[in-house]
Amino acid sequence: MAADSKKSKGIILTGHRPTGPRHIGHLVGTLENWARLQDDYTCFFLIADLHVLTTDHEHPDRIQENILSVMTDWLAAGLDPQLATFVRQSALMQHAQLATLFGMLTTVARLERVPTYKEQVQQLKLNPSAGLLTYPVLQSADILIYKANTVPVGEDQLPHIELTREIARRFNTLYGETFPEPEGLLSKSARLPGTDNRTMHSSYGNSIRLMDSPEETTKKVMSMYTDPNRIHADDPGTVEGNPVFEYHDVFNPNKDEVEDFKTRYRAGKIGDVEVKRRLAEALNQYLAPQRERRAEYAQDPKKVLKVLDDGTEAARPVVQATLTEVQRKMGLL
Ligand code: TRP
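Each residue of the sequence shown is one higher than the one before, counting from -10 in my numbering.
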């Protein structure tokens, strides 16, 4: 396990809520970035199954299969058990215990100002649970229990990193230097739109999933949203904001071809079908290595879950050491 290996750049903790299969937006926006970071950082990748319950505790039957599919997709994307440690959040109660203690240092007013909370409350139009309100306190515990310095996340998560930094500062001031103030690390690649040009989201039916076959992928590409004002192949088309071309920019390694397509598209000298057909080919080629890895893991779910269980056990002494230190400093031991 990689938890104790020496890597120069420090400690990373990041993770996903296991909400279902990962898609190509996760792959190019997040997972490829995490895979690169494994060489230089001591990485912990967290399956945040407790966090799932903050918005969905009414489907207990889905959680285990979603954990398996996220883990399978992570491994397919190149996250490597030889280089990183995988953790099942709910199996290490130290995460929840530290969150309870951090809750003492955090005001309700502060948590009510967290933008993700405000949005969720508006969207769900529900009576928010205490668990939803304290979501970022648990996330702070996830991060600080590993004394992580770096947290690669999407932009929407930065307010949670900010709260984590505040909790670290507050703890250090009250009880002595204990935690680093972790930094968020945004990935460079732009966010990939869905096949219908809305945000790519598993529940919108507009995502290309890592588990999709080449045939399914081609089918989804051929029915992608393009320039809606273009009726005939000889109408001049718009390239900017057109998801077919955004995908070409990301997945087609032949940049000359992409430029040629754009020029001809703008001039009305190429049809959508040809542009899409080439995109499907390029995308399938791009996905070939991870599909190969995925096929191996998908046929051996026991092996996938063993990676998670082994990682969790390797992390147990790490999280216990931090918890004991905190309990002692807060006067509980
Ligand atoms: N909130 C994160 C998300 O929805 C998931 C998460 C839980 C996380 N704990 C974390 C991310 C700790 C980074 C660090 O994507």
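Where is the CB? At the ideal position from N, CA and C, for every residue including glycine. Please read these numbers as outputs of a predicted model, since none were measured by experiment.
When C-alpha distances from residue 255 are compared across 171, 221, 322, the shortest belongs to 221. Contact between the segment 40 to 53 and the segment 111 to 120 is present, with at least three C-beta pairs closer than 8 Å. Between residue 199 and residue 65 a beta carbon distance of about 6 Å is seen, short of the 8 Å cut, so the two are scored as contacting.
The segment 21 to 68 contains, as complete beta strand (DSSP E) runs of 3+ residues, the segments 31 to 36 (chain order). Out of 189, 90, 264, 244, the CA that lies nearest to the CA of residue 211 is found in 264.
Of the other Cβ atoms in all chains shown, fewer than 16 fall within 10 Å of the Cβ of residue 193; this residue is therefore exposed. Taking the C-beta atoms as reference points, residue 125 is found nearer than 8 Å to residue 152.
Across the structure, residue 98 and residue 107 are spaced so that their CA atoms are roughly 12 Å apart. Residue 73 has 32 as its beta-bridge partners, per DSSP. Using a cutoff of 7 Å, the CB of residue 149 counts as near the ligand TRP, since one of the ligand's heavy atoms is closer than that.
Comparing alpha-carbon positions, the option among 49, 20, 63 lying closest to residue 283 turns out to be 63.
With respect to residue 135, residue 318 sits apart: the two C-beta atoms are not nearer than 8 Å. At a cut-off of 7 Å, the beta-carbon of residue 3 counts as near the ligand TRP: some heavy atom of the ligand is closer than that.
The residue among 46, 14, -4 with its C-alpha nearest the C-alpha of residue 176 is 14.
Residue 67 is not a Cβ neighbour of residue 36, given a cutoff of 8 Å. By the 16-neighbour rule on beta-carbons within 10 angstroms, residue 228 is buried.
Distance from residue 75 to residue 257 at the Cβ level is roughly 50 Å; contact not present, criterion being Cβ atoms closer than 8 Å. When distances are taken from the beta-carbon of residue 48 to the heavy atoms of the ligand TRP, even the shortest one reaches 7 Å or more. Residue 297 places its beta carbon less than 8 Å from that of residue 77. Between residue 141 and residue 0, the C-beta spacing is not below 8 Å. Within the same chain, Cβ atoms closer than 6 Å to the Cβ of residue 186 are found at 214, 232, the five residues on either side in sequence being excluded.
Annotated as distal: residue 105 and residue 70, with beta-carbon spacing of 8 Å or more. Spanning the alpha carbons of residue 114 and residue 24 requires a straight line of approximately 37 Å.
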